[in-house]
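Asker:
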Amino acid sequence: MTIIQYDPASVRAASPLCVQGCRPKSASRRTTGTDEQGGDRDGSMSAEEAIPVPRQVVPDRPFAALRVADGLTGLSGILAALALLAMTAIVCWEVFSRTVLNAPTSWVTEIATYILVGMTFVALAPAQRAGSHIQVELILGFLKAERRAAVERVATWIGLFFVAFATWQMIAFNIQEYVNGTRDWGLLSTPQWIPELPVSVGYVIFAFAILADLFRADPQDSPLRRWAVPVLMAVLAAVLYGLGTYTVKIPGTRFDWGSVAIVVAFAAAVLAWSGARTALAVVAIVGVLCTAFWAARGMPLLPVSLLLVATVLFLLLLGVRVALALGLTGLLGLYFLLPQPQVSLLAERSWNSINSFTLTAVPMFVLMGGLLLKSGVTTQMFDALMRWFGRIPGGIAYSGAGAATIFAAVSGSSLATAATLGTVACPEMVRRGYSTRLTYGVVAAGATLGILIPPSIAMIIYGTTVGAPITVLFIAGIVPGLLLTLAFMAGVFVWSVLVPGAAPAGEPYSWGEKGRALLGTLPFLFVIGAVLGSLYAGVATPTEAGAVGALAAFVLCIQRGALSWAMLHEVALDTVRVTAFLLLIVVGASILSWVFDYLRLPRTMVEAVEAASLAPWMVMAMIGLIYIVLGMFIDPISMMLMTLPVTFPLVTAMGFDAVWFGIALVLMIEVGLITPPVGIVLFVLRGLSDGVPLKEIVYGVLPFVAIILAFVALIYMFPGIVSWLPDRMG
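With my numbering, the residue at position 44 of the sequence shown is 32, and numbering never jumps.
1. In whole angstroms, give me the CA-to-CA distance for N168 and Q180.
2. Can you tell me where the alpha helix (DSSP H) with T346 in it begins and where it stops?
3. Under a three-way DSSP split, which group does P590 fall into?
4. Would you check if the distance between the CB atom of I380 and the CB atom of M417 is smaller than 8 Å?
5. Name the DSSP bridge partner or partners of P723?
6. Report, in whole angstroms, the separation of the C-beta atoms of S626 and I122, which I expect to be a contact under 8 Å.
7. Is there a C-beta anywhere in chain B that falls below 8 Å from the one on I159?
8. Expressed to the nearest angstrom, what Euclidean distance is found between the alpha-carbon atoms of V566 and L355?
9. Determine the contact status of P443 and A533, defining contact as a CB-CB distance below 8 Å.
10. Could you pull the start and end residues of the alpha helix (DSSP H) that G521 belongs to?
11. By the 10 Å Cβ neighbour count, where 16 or more other Cβ atoms means buried, how is A491 classified, buried or exposed?
12. With respect to the alpha helix (DSSP H) encompassing Y102, which residues constitute its N-terminal and C-terminal limits?
13. In terms of residues, what are the limits of the alpha helix (DSSP H) holding Y450?
14. Tell me which same chain residues have a C-beta within less than 7 Å of the C-beta of L746, skipping the five on either side of it?
15. For my contact list, I695 and G469 are in at a C-beta cut-off of 8 Å; report their separation, rounded to the angstrom.
16. Could you compute how far the alpha carbon of T640 sits from the alpha carbon of V647?
17. Quick check on E134: buried or exposed, where buried means 16 or more other Cβ atoms within 10 Å of its Cβ?
18. Among the residues of its own chain, which have a CB less than 6 Å from the CB of L682, if the five just before and after it don't count?
19. Would you mind working out which of G688, Y234, L618, L638 sits nearest E658, comparing C-alpha positions?
20. Keeping to the same chain, check which residues put their C-beta closer than 8 Å to that of W553; ignore five residues upstream and five downstream.
21. For V201, which residues does DSSP report across the bridge?
22. Can you name, in chain order, every residue of its own chain whose Cβ lies under 6 Å from the Cβ of A71, other than the five neighbours on each side?
23. Where does T266 land, buried or exposed, given buried means 16+ other C-beta within 10 angstroms?
24. Quick one: what's got a C-beta closer than 6 Å to I703's C-beta in the same chain, skipping five residues either side?
25. I'd like the span of the alpha helix (DSSP H) that includes L220, first residue to last.
26. Based on Cα-Cα distance, which residue from A154, P114, V56, T87 lies nearest to V575?
27. Going by C-alpha to C-alpha distance, which of I448, T367, S423 sits closest to L409?
28. Using the C-alpha atoms, what's the distance from V110 back to A68?
29. Just to confirm my understanding: we take V700, look at its own chain, exclude 5 residues before and 5 after, and list those with CB closer than 7 Å. What are they?
30. Would you kindly check if the distance between the Cβ of A100 and the Cβ of V79 is under 8 Å?
31. Taking the straight line between their C-alpha atoms, what separation do you get for G465 and A264?
32. Which residues does DSSP pair with K237 in a beta bridge?
33. Report the option in V686, G643, D645, F644 whose CA atom is closest to the CA atom of G660.
34. So, for L277: in the same chain, excluding its five sequence neighbours on each side, which residues have a beta-carbon less than 7 Å away from its beta-carbon?
35. Between which two residues does the alpha helix (DSSP H) carrying T631 extend?
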């Protein structure tokens, strides 16, 4: 979920887990110095070929429907990027108008929220085209190229199955809102069909983008087969329109004609474009899942819960995108586990789950981080730290840990921090003779601070999900973040003592050079001061602080001459892609959590734990183990949203504070990010390294995993570490 620039192909080549995207772009294979088969002319293989990717043969004449889909996707990206900039601008205006003019607006909060929702769904197609939607590759990474491509085709079709239902229900919901004249309860009394329209349009273009990717993966030469799917989609749209906006039941069954039409058209589309074998696999998987959910009706809660969890894990391991796996599991629950199918909730959850002004902070903080990274100020910051600490043994490693703390405050993302330091710090440390294990171990550990040091995107989503105050979460993360940084530095010191030569002393710098290096950090401190100062001085809310930070980073780019229209468009487009896949996960998790709530799964879990009379530390230990294991192969936001409906009621019933658990949760997620065998940060660094074996990175990170686990135990025994600063600041 990072917006900085690094080569995702090299990461894919090293990792069984997709880091930035999973579908190789058609242009992702380097052509310089290679023959037309993709190999180097001297017979060597490029990094991208570590996991071979089947060539995508596109017909000589571009398919007209493909051109339309690509055109709509490109237009969607432009509109979403403009919407992001507009949203940031109006939130900045609200802060200025309220603080300077003493004239708060009555429209910014509502309009910014509508822009966020529309921007998110309109950006789904560009995110799909760029391969940004997160996919678990725990099993896919071990398959040969041909078999992997076949499995990914099946997974993509299954994901499209959910998108088809969500699109149908969202359009029907949109039409109903228009016919009924529904208006918002806010001050503007906005007709709801207007802000809901981009959601419907976004889903449609998202479906087109998925179909375009499927066609590229398996292009058809026969005009009949090429046009079969577009014609099927047109016929399906006409049938659904004719059925109306309300489901038409098939007498004597729990099914409706609209669902049957989608299933039939879907099966025919798979057969037309991907052949009988893929169609058989897709129909078999969907059929088995439907049968299992049908059979689970009326069963006790335990087997039903296990079925839901097993379905999510199966779909994830199959390679279905995380958001779509969550959504499809929720769809099956809505259809089969309730007394009557409630598929209309797909639309209601799509709209309401992200219709929150608080979530506008997510894209604005990501935009701020992207602008800062493009400005080059982050490199200056590391250079300054290196000049001050580089001479002492382990000094550059200390600088790396310190830089991780600072970069975390910029990006709010562990992957962004890992990719930045992997590019800036690791080569410099290796060049100066540092142990490879120490180099990559401390950088991987430091990268985990990205979701602990405020502003943290993970904390924003956690606070929004459970209702915890985000400002207090930010304040509560400061002391643990700084203490953990010091603990990492202590680990470096012990390592340098126990392993002589692992951390040699660096070259000396004069006081003049150190002073000039410090001056270079002032622009960075200006941006951080603008964010944290406006937040803690009460000038801006946590949400608005993201807009203030983005504006400050924008001004900094102008001052440094780094701003151009091309750069701004690139950063904005990357930001909306990141936002789209993040918030689509929120939508999928919201659908699934509704099913959990209906089945009373969280309440039943709490009652079971209370009946077992387990000690609080045992409950936390079990929860911690679950998060560490899940964190090995699921990204932090997905894992958080998947589990909070169950774990949060459990910990609050045990008497734990919501803010304390938020910090503890983030720390446990950090462990999963760097825990072998599949910690996602490890593979980011492996992909950016110059041939460093993965086992060297794993060995290097293990001592820091122990430090984080010890720190989790420390804040359990002394919860005041988390609550001290929030209590002092009131």
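Using N, Cα and C, we set each Cβ at its ideal position, and we do this for glycine too. Note that the structure is a prediction, hence the values are computed from the model and not measured.
Answerer: The answer reads as follows:
1. 10 Å
2. Where T346 is concerned, there is no enclosing alpha helix (DSSP H), given that its DSSP letter is neither H nor E.
3. helix
4. no
5. Not covered by the structure: residue 723. The range shown for the chain is -11 to 718.
6. 7 Å
7. No chain B appears in this structure, which consists of one protein chain only.
8. 10 Å
9. yes
10. 510 to 524
11. buried
12. 96 to 110
13. 445 to 454
14. Within the shown structure, residues of the chain are numbered from -11 to 718, placing residue 746 beyond reach of any answer.
15. Incorrect: roughly 13 Å between the Cβ atoms, too far for contact.
16. 11 Å
17. exposed
18. R674
19. L618
20. none
21. Looking at the sequence itself, residue 201 is Asp, so the reference to Val does not match. DSSP, once it has assigned bridges, lists no residue as partnering D201.
22. I103, M107
23. buried
24. I709, V710
25. 211 to 231
26. A154
27. T367
28. 6 Å
29. G612, A652, L655, M656
30. yes
31. 53 Å
32. D244
33. V686
34. T299, L320
35. 624 to 641
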